[in-house]
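>
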Amino acid sequence: MDSRYFRAQCPFCSEVYQLNKSLIGRVVACNKCRKSFRLEEEIGEQARPLPIQQEEKARVDSPVHSDGAASLDYNDSISPEIIEDFAKRFPNPPKGVWQVGDTLLDGMCQVLPLSKEKLYAEGGVGIVQRVRRKDWNVDLIIKSPKPGVVITESGKESFERECQTWIELGLHANIVSCYFVRRIEGIPRLFAELAPDGTLNDWISDKRLYKGSKEEALARIIDASIQFAWGLEHSHQQGLLHLDVKPGNVMISGSTVKVTDFGLSKFMSNIDIIFLE
Numbered sequence: 005m006d007s008r009y010f011r012a013q014c015p016f017c018s019e020v021y022q023l024n025k026s027l028i029g030r031v032v033a034c035n036k037c038r039k040s041f042r043l044e045e046e047i048g049e050q051a052r053p054l055p056i057q058q059e060e061k062a063r064v065d066s067p068v069h070s071d072g073a074a075s076l077d078y079n080d081s082i083s084p085e086i087i088e089d090f091a092k093r094f095p096n097p098p099k100g101v102w103q104v105g106d107t108l109l110d111g112m113c114q115v116l117p118l119s120k121e122k123l124y125a126e127g128g129v130g131i132v133q134r135v136r137r138k139d140w141n142v143d144l145i146i147k148s149p150k151p152g153v154v155i156t157e158s159g160k161e162s163f164e165r166e167c168q169t170w171i172e173l174g175l176h177a178n179i180v181s182c183y184f185v186r187r188i189e190g191i192p193r194l195f196a197e198l199a200p201d202g203t204l205n206d207w208i209s210d211k212r213l214y215k216g217s218k219e220e221a222l223a224r225i226i227d228a229s230i231q232f233a234w235g236l237e238h239s240h241q242q243g244l245l246h247l248d249v250k251p252g253n254v255m256i257s258g259s260t261v262k263v264t265d266f267g268l269s270k271f272m273s274n275i276d277i278i279f280l281e
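For the sequence shown, position 63 matches number 67 in our numbering, and the numbering has no gaps at all.
(1) Spell out the partners DSSP gives TYR21 in its beta bridges.
(2) Pull up the DSSP beta-bridge partners for PRO84, would you.
(3) Would you mind giving the Cβ-Cβ distance between ALA196 and SER181, rounded to the nearest angstrom? I have them listed as a contact below 8 angstroms.
(4) State the DSSP-derived secondary structure class of ASP265, mapped to helix, strand or coil.
(5) Classify ILE146 as helix, strand or coil using the three-state DSSP reduction.
(6) What residue from ILE191, SER158, LYS147, THR107 has the CA that sits closest to ARG136's CA?
(7) From the DSSP output, in three-state form, read off SER259 for me.
(8) Name the residue from LYS120, CYS113, GLN168, GLU161 whose alpha carbon lies nearest to the alpha carbon of ASN141.
(9) How about GLY252: is its C-beta nearer than 9 angstroms to some C-beta of chain D?
(10) What residue from ARG11, SER162, VAL254 has the CA that sits closest to PHE232's CA?
(11) Below 8 angstroms on the Cβ atoms is my contact criterion, and I expect LEU198 with LEU144 to pass it. Report the Cβ-Cβ distance as a whole number of Å.
(12) What is the DSSP secondary structure of PHE163, counted as helix, strand or coil?
(13) Going along the chain, which residues of its own chain have a beta-carbon closer than 7 angstroms to the beta-carbon of TYR116, five neighbours each way excluded?
(14) Over what stretch of residues does the beta strand (DSSP E) that includes ARG212 continue unbroken?
(15) Can you tell me where the beta strand (DSSP E) with GLN1 in it begins and where it stops?
(16) Roughly how many angstroms separate the alpha carbons of TYR148 and ILE225, rounded to a whole number?
(17) Of all the options SER162, GLY174, CYS167, which has the alpha carbon lying nearest to the alpha carbon of GLN242?
(18) Apply the 10 Å Cβ neighbour rule to ARG203 and answer buried if 16 or more other Cβ atoms are within range, or exposed otherwise.
(19) Give me the residue from PHE90, LEU109, GLY159, SER259 with the minimum Cα distance to TYR124.
(20) Determine the extent of the beta strand (DSSP E) in which PHE195 is found, giving its start and end residues.
(21) Give me whichever residues DSSP pairs with VAL1 in a beta bridge.
(22) How would you write the range of the beta strand (DSSP E) that GLN103 sits in, first residue to last?
(23) What did DSSP end up calling GLU219 once you bin it into helix, strand or coil?
(24) Look at the alpha carbon of LEU43 and the alpha carbon of VAL20, and state the distance between them as a whole number of angstroms.
(25) Using 9 angstroms as the threshold, is the C-beta distance between VAL132 and ILE146 below it?
(26) How would you call ASP265, buried or exposed, if buried means at least 16 neighbouring beta carbons within 10 angstroms?
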């Protein structure tokens, strides 16, 4: 097994996972039995799970870890000054975009700036914002179809089904985790792991991928390619083909490469448009 990975076993149902060592010490939930536990210290190629109490797990649909996403470069709580600043800079956001400081899901999540300069990002038919799930103390992204894209009940159910295929991939270091889907204001919204360092397309465009000597750039490209292949291999083992492989669907989180937007390409192909370039 690659030295960056170890095998972990759910203490409740004995389901076995291959996980990145960076997850040791974090809270995860088993994709099979949905019960949560902590990955404690590494023991050979195993990690010792420690069952924990997590009242919210009864309402969570997917594997999660409690502290994997990067924190904002602000204070832990969003200050009134930051809320006021973004309200002034974005006084009339488009329909479907929340203001910084707004709360969702009965106060469970709070809207954050996507970055120091951006309130949100958008593609042809989708909007991306950043939220903090307070009970997990972790930042997530929320992806929403733009108003008018998903109108009928059958369309909403189709979107939710395709999101579910992504959720059921479970935990893997080289896949952006999709945690759950909830309807807010009648629209299904997807909550997923935050990968704070942009897409592979960004790294190609601004030359970060080629930074340093030829040897350093080549090593970086090969490493990204291998990690990308690991993510796709995991999805193929689960019987899921991505259908929209491109640099824009590859996220960077530190030194880790993660494939994203599983299943959504199939949904969007049904309405003949592309979701979130």
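Every residue gets a Cβ at the ideal spot worked out from N, C-alpha and C, and that includes glycine.
In short:
(1) Here residue 21 refers to the residue found at position 17 when the sequence shown is read from its first residue. Per DSSP, ALA12.
(2) The count along the sequence shown starts at 1 and reaches residue 84 at position 80. DSSP, once it has assigned bridges, lists no residue as partnering PRO84.
(3) For the purposes of this step, residue 196 is identified with residue 192 of the sequence shown, where counting begins at 1. For the purposes of this step, residue 181 is identified with residue 177 of the sequence shown, where counting begins at 1. 7 angstroms between Cβ atoms; contact.
(4) Here residue 265 corresponds to residue number 261 of the sequence shown, with the count starting at 1. ASP265 falls in the coil class under three-state DSSP.
(5) Numbered from its first residue, the sequence shown carries residue 146 at position 142. Reduced to three states, the DSSP call for ILE146 is strand.
(6) Sequence index remark: in the sequence shown, residue 136 carries index 132 (1-based). Checked all of ILE191, SER158, LYS147, THR107; the closest Cα to ARG136 is THR107.
(7) Your numbering for residue 259 matches position 255 in the sequence shown. Coil, per DSSP.
(8) Residue mapping note: residue 141 aligns to position 137 of the sequence shown, counting from 1. Answer by Cα proximity: CYS113.
(9) Reference to chain D is not applicable here, since this structure consists of a single protein chain.
(10) Position 228 of the sequence shown, counted from the first residue, corresponds to residue 232. Nearest of ARG11, SER162, VAL254 to PHE232, Cα basis: VAL254.
(11) As a first step, residue 198 is located in the sequence shown; it is residue number 194 there, counting from the start. As a first step, residue 144 is located in the sequence shown; it is residue number 140 there, counting from the start. 6 angstroms between Cβ atoms; contact.
(12) As a position in the sequence shown, residue 163 is number 159, starting the count at 1. Helix, per DSSP.
(13) On the sequence shown, position 112 is the one that residue 116 refers to. Per the sequence shown, the amino acid found at residue 116 is Leu instead of Tyr. Answer for LEU116: LEU76, ILE82, VAL104, ARG134, VAL135, ARG136, ASP143, listed in chain order.
(14) Indexing the sequence shown from 1 puts residue 212 at position 208. Premise fails: ARG212 is in no beta strand (DSSP E) and is neither H nor E.
(15) Only positions 5 to 281 of the chain appear in this structure, which leaves residue 1 out of reach.
(16) Looking up residue 148 in the sequence shown gives position 144. Looking up residue 225 in the sequence shown gives position 221. Residue 148 is actually Ser in this sequence, not Tyr. Cα to Cα, SER148 sits roughly 31 angstroms from ILE225.
(17) Indexing the sequence shown from 1 puts residue 242 at position 238. Closest option to GLN242, Cα to Cα, is GLY174.
(18) Taking the first residue of the sequence shown as 1, we reach residue 203 at position 199. The question names Arg, but residue 203 is Thr in the sequence shown. Counting Cβ neighbours within 10 Å, THR203 comes out buried, since at least 16 surround it.
(19) As a first step, residue 124 is located in the sequence shown; it is residue number 120 there, counting from the start. Here the closest residue by C-alpha is PHE90.
(20) Along the sequence shown, one-based indexing puts residue 195 at 191. Looking at the DSSP string, the run of the beta strand (DSSP E) that includes PHE195 is 191-197.
(21) Residue 1 is absent from the structure shown; the chain starts at 5 and stops at 281.
(22) Taking the first residue of the sequence shown as 1, we reach residue 103 at position 99. From DSSP, GLN103 is part of no beta strand (DSSP E); its letter is neither H nor E.
(23) For this step, residue 219 is matched to residue 215 along the sequence shown. Note: GLU219 maps to helix in three-state DSSP.
(24) Translated into positions along the sequence shown, residue 43 becomes position 39. Translated into positions along the sequence shown, residue 20 becomes position 16. Their Cα atoms are separated by approximately 12 angstroms.
(25) Counting from 1 along the sequence shown, the entry for residue 132 is found at position 128. Counting from 1 along the sequence shown, the entry for residue 146 is found at position 142. Contact: yes.
(26) Taking the sequence shown and counting its residues from 1, the one referred to as residue 265 is at position 261. Under this definition ASP265 is a buried residue.
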